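What follows is a set of notes on a single structure, which appears directly below.
There are 2 protein chains.
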Amino acid sequence: MVHIPDRSTVPPPAPRSVPTSADVARLAGVSRATVSYVLNNTSAVRISEPTRRRVRAAAKELGYVPHAAARSLRAGHSRMVLMPAPEVPAGPLYSQFINELQWALGRLDYTVVQYGQVGLRGDEAARAWAELRPVAVLLPGGGLGPEGVAVLKRSGARAVVTMGVERIEGAHALLMNHAEVGRSAAVHLYGRGRRRIGVVMPEEPGLEAFSNPRLEGVRRALEGTDATVTVLPLAYEEESAAELAARWGELNLDSVFAYNDEYAMLLMRALQDNGVAIPGDTAIVGADDLMLGRLLRPRLTTVHLELPSGRALAELVDQAVQNDTAPPEVRQVLGAHVIPRDSS
Amino acid sequence: MVHIPDRSTVPPPAPRSVPTSADVARLAGVSRATVSYVLNNTSAVRISEPTRRRVRAAAKELGYVPHAAARSLRAGHSRMVLMPAPEVPAGPLYSQFINELQWALGRLDYTVVQYGQVGLRGDEAARAWAELRPVAVLLPGGGLGPEGVAVLKRSGARAVVTMGVERIEGAHALLMNHAEVGRSAAVHLYGRGRRRIGVVMPEEPGLEAFSNPRLEGVRRALEGTDATVTVLPLAYEEESAAELAARWGELNLDSVFAYNDEYAMLLMRALQDNGVAIPGDTAIVGADDLMLGRLLRPRLTTVHLELPSGRALAELVDQAVQNDTAPPEVRQVLGAHVIPRDSS
DNA sequence: TTGAAAGCGTTACCAC
DNA sequence: GTGGTAACGCTTTCAA
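First to last, the protein sequences are chains U and P.
First residue of the first sequence? That's 1 in UniProt numbering, and the numbers climb one at a time after it.
First residue of the second sequence? That's 1 in UniProt numbering, and the numbers climb one at a time after it.
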C-alpha cells in the first residue's frame, strides 16, 4: 500500500504559483483588506503594530510582489509613460536625451516604458500602444496621424506629446526645427563666400525625417541668392564616400553641408584621400557637435543643436497630464547655431 | 422649475470614459462574450457573419481598444519581455543589438518593453520589474543577485537571461567574455614586439563592467612575459587626453590598448598633436570596430567583437520560456579578434 | 449561435 | 481596528 502523507502535518508540495495578497493574508491570519492597508501604508486606517509586522513578515516570507496590472485595473489609471522605441539605432545625442528624460520622469514618479516596434505603422501602432493604457505617450518623430492621437486619447492617455518636425492635431508638440540646422549651415557657408554648396543626404532609411527638413532649410536660406544647391546622396560606407569623392571634380562644389558630423567625417576623409584640400578647395560643415568633430584635422565646423532638457520635457508631460483639458501646447525647441572651426 | 431631460430619450452627455467591451456589446446588441469571440477570432465558436459585422462596426465606431492589463490578468500570463534600460547611454554596437533583438522577439510574438531605471538597485529593481509580471526578463550587464532572480521567477517570469560578465545562479547567461577583448589586443601588441603596454580605463561611470575585464584580459595575457602593463585613466574629454599626452614621455610606453575606438581616437589625436608618431613611437589598438577607426590616419587597428545575433538570443529566450524546467543555460558569446590596420 | 456568470489580483467603501 | 464585498475589464466554461 502506498503511503499517503497526512495533509494536516505535511506542507503542500511547493505551491508552484505566484503568491497573491490572499496568500499573504492567509499566512498572516488577517483579511486581504488588511494586507492592502499595511503594504500600501494607508494612513486613513489605523492598524496595530503587531498586525503590521505579521503582514510584512508574511509578505517577505512568500516573496510577495503586487501585481501591477491588477492594481492599475482597479485604480482605473496608471503612471506609465509610453515611448515607442526608435526604429533606427539612435545617435548619442538622442540616447542621452532619452536617458535624461527617463530620469526626470522617474523623479516625478512616472514609469517610462519604451515599447519595441515590430513594424506596425501609424494607427495600428497607436492601437497597440493604447492597449497598455499609458497615462501619456511620447512620440519621437512623426508617423502618426490625428486619428492615431485620437485613439490614444480615447483609450485614456491624458497627454500625447510629439517630438518631430510637424505638429499633429490634438497632440502637444515639441517642434524640432531641423530646417534651422540647414539654414544656419547655409548662412555660414554663404557668409564665408561659398556659392556652390552641396548637401549630403544619407541613404540610410529612417533619416529622411531629419535630412529632408535640413535640406529644405538650406534651400530656403539660399533662395534668391546666386548660390546653387546640389543634393549628394551618400551611404554611410567608405565605398559610397569614395565614389562621391571620385566625381568631386565634375561636381564643381566649393562647400558641403554634410548632414551631421559622422557623415562629414566620412566625406572629409574620402575627399582628403583624393587630394581635395579642406577648407581650401571645399569647405565642410557638419552637425550635432559631436566629440569627433573636434578631433578631426582640420577641426570640423559644425551646427550645435540645443535640445530641450529632459527635465523641461518631463515637466511639460506632467503638466499636460494634470491639466487634461488645456489645449495642446506647441513649443519650438531645437535651437541651432554654427560653431565655426577650421573646416570652413 | 428646472427642466430635467428625460433619460430615456436623451443620450447621456458624451461618456467621457474609455469604451469597454461592454459598451461595444451594448451598441451591437449582443453580449460581452460575443464581442470577445468576434474580436479575438475564436475559432471554437461559430458566430454568424452579420453579427460579426455588427460587432466590428460597433468597436470601430466607439474606437474600442482592448485593455491589455485586464486581458493578461484574466489569462494569467502575458508575452511581455522586459529589459531594463541601460543606465548609461549605449553605444552604437549595443543599440543595434537591442534593435535586432526587439525585432526578432517581435517576430516570435513577444512584446519587448524597455523599463526605465530610476536609480533602483538590485533586489529593489527586481521587485519593480516583477510587478509587471513579464514572461521573461533580459538583463544587460550584472547588478542583480541570485535573490533578485528568485524574486522574478517566483513572480512568474519563466526565463531570466543575463548578458554580462558573470553568471547568476538560476538565470540563463550569455557570457560576454570581455577579457578576451583585452587578451586579443595584448597578444597582438606583444606579437608586434611591443613590451611597454598602456591600457586606457575610461573614467566615465558605468563602464567598469566592460573596462575591468578588458584590463584583466590584458594582464593575464602578458603574465609571465617581459611586458609591463600601465593603467591609464582617461575621461572622454579633450583636456583629459591632452594631460595624458603631455606626460607621455615620462610614461615611457610603446603601445596602448585604448578600451574602444572612440577613446582610441581621442588619445591618438592628442598624441599626434604632441608629436608622438603613430605607430612609430606608440602603437594604438582600439575595440568595437567602429566606422571611425577606418577613417583615422593611420587607420586604427581594432578588436572586432562578435556579438550574438538578435535572432539567436530571441530563440534562446523563446526556448527558455517554453521549457521552463530545463536548467539554466550558460553560453559563451562575444568572440573577439584583432583587425590589424595601420596604427600598430 | 448566443448569453449568463465566474474569476483573474487589487483596492475602497461600509459595516462590525 | 478589522473584515466582508463589490468592482475594475476581460475571457471562457457551461447552459440554453
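Even glycine gets a Cβ: it sits at the ideal position worked out from N, Cα and C.
Everything numeric in this text was worked out from a predicted model, so none of it was measured.
Cα separation between Leu267/P and Ala258/P?
8 Å
Measuring straight from C-alpha to C-alpha, what distance separates Asn274/P and Arg121/U?
53 Å
For a test of the three-state rule: what should DSSP assign to Tyr236/U, helix, strand or coil?
coil
For Ala218/P, count neighbouring Cβ atoms within 10 angstroms of its own Cβ and tell me buried if that reaches 16, exposed if not.
Reading off the sequence, residue 218/P comes out as Val, not Ala. Classification for Val218/P: buried.
What are the boundary residues of the alpha helix (DSSP H) that Glu208/P is part of?
208 to 222
Just the Cα atoms here: how many angstroms apart are Gly17/U and Leu62/U?
With the sequence shown as reference, residue 17/U is identified as Ser, and Gly is not the correct amino acid for it. Whole-angstrom Cα-Cα distance: 11 Å.
Below 8 Å between beta carbons: does that hold for Gly198/P and Leu251/P?
yes
Please list, in chain order, the residues of the segment 99 to 117 of chain P that have any C-beta partner in chain U closer than 8 Å.
Asn99, Gln102, Trp103, Leu105, Gly106, Arg107, Thr111, Val112, Val113, Gln114, Tyr115, Gly116, Gln117
Look at the alpha carbon of Ala70/U and the alpha carbon of His67/P, and state the distance between them as a whole number of angstroms.
12 Å
Do you know whose CA, among Tyr115/U, Leu108/U, Asn99/U, lies nearest Gly106/P's CA?
Tyr115/U
Just to confirm my understanding: we take Asp23/U, look at its own chain, exclude 5 residues before and 5 after, and list those with CB closer than 6 Å. What are they?
Leu62
Ignoring anything shorter than 4 residues, give me the alpha helix (DSSP H) runs that lie fully in the segment 94 to 164 of chain P, in order along the chain.
122 to 130, 146 to 154
Could you pull the DSSP bridge partners for Pro84/P from this structure?
Tyr115/P
Could you work out which residues of chain U lie near Gln96/P, taking near to mean beta carbons separated by less than 8 Å?
Pro89
Assuming His77/U and Val135/U are in contact, meaning their beta carbons sit under 8 Å apart, how far apart are those beta carbons, in whole angstroms?
6 Å
Assuming contact is defined by CB atoms lying nearer than 8 Å, are Val118/P and Leu138/P in contact in what I supplied?
no
Quick one: Cα of Val333/U to Cα of Ala28/U, how far?
55 Å
What residues from chain U crowd round Pro92/P, counting only those whose CB sits closer than 7 Å?
Pro89
With DSSP run on the structure shown, which of helix, strand or coil describes Val181/P?
helix
Sorted by chain position, which residues of the same chain lie with C-beta nearer than 6 Å to Trp19/U's C-beta, five sequence neighbours on each side aside?
Per the sequence shown, residue 19/U should be read as Pro rather than Trp. Cβ within range, chain order: Leu62, Tyr64.
How many angstroms separate the CA atom of Val200/P from the CA atom of Thr228/P?
14 Å
Should Ala69/P be flagged as near chain U, meaning a C-beta pair shorter than 8 Å?
yes
Assign Arg52/P to one of three DSSP states: helix, strand, or coil.
Of the three classes helix, strand and coil, the one that applies to Arg52/P here is helix, per DSSP.
For the beta strand (DSSP E) containing Thr302/U, name the first residue and the last one.
301 to 306
Beta-carbon within less than 7 Å of Ile47/U's beta-carbon, same chain only, minus the 5 sequence neighbours each way: which residues are those?
Thr34, Tyr37, Val38
Note the first and the last residue of the continuous beta strand (DSSP E) segment covering Gly33/P.
Checking the sequence, you will find Ala at residue 33/P rather than Gly. Unbroken run through Ala33/P is the alpha helix (DSSP H), 32 to 39; no beta strand (DSSP E).
Are the beta-carbon atoms belonging to Leu215/U and Gly182/U less than 8 Å from one another?
yes
For Val317/P, which of helix, strand or coil comes out of DSSP?
helix
Counting only beta-carbon separations shorter than 8 Å, does Gly156/P have a partner in chain U?
Interface residue, yes.
Taking only three categories from DSSP, how would you classify Ser78/P?
coil
Would you mind giving the Cβ-Cβ distance between Glu204/U and Ala235/U, rounded to the nearest angstrom? I have them listed as a contact below 8 Å.
Their Cβ separation, rounded to whole angstroms, is 7 Å, which keeps Glu204/U and Ala235/U in contact under 8 Å.
List the residues of chain U that Met291/P touches, going by C-beta distances under 9 Å, in chain order.
Per Cβ cutoff of 9 Å: Tyr236, Glu237, Glu238, Glu262, Met265, Leu266.
For the segment 305 to 318 of chain U, enumerate the residues whose C-beta is nearer than 9 Å to any C-beta of chain P, in chain order.
none
Taking the straight line between their C-alpha atoms, what separation do you get for Arg54/U and Arg32/U?
The straight-line gap separating the alpha-carbon atoms of Arg54/U and Arg32/U is approximately 13 Å.
Gly95/P and Ala287/U: beta carbons closer than 8 Å?
Residue identity differs from the one stated: residue 95/P is Ser in this sequence, not Gly. Not closer than 8 Å, so no.
Can you confirm whether Arg26/U, when its beta carbon is compared against all beta carbons of chain P, has any partner nearer than 8 Å?
no
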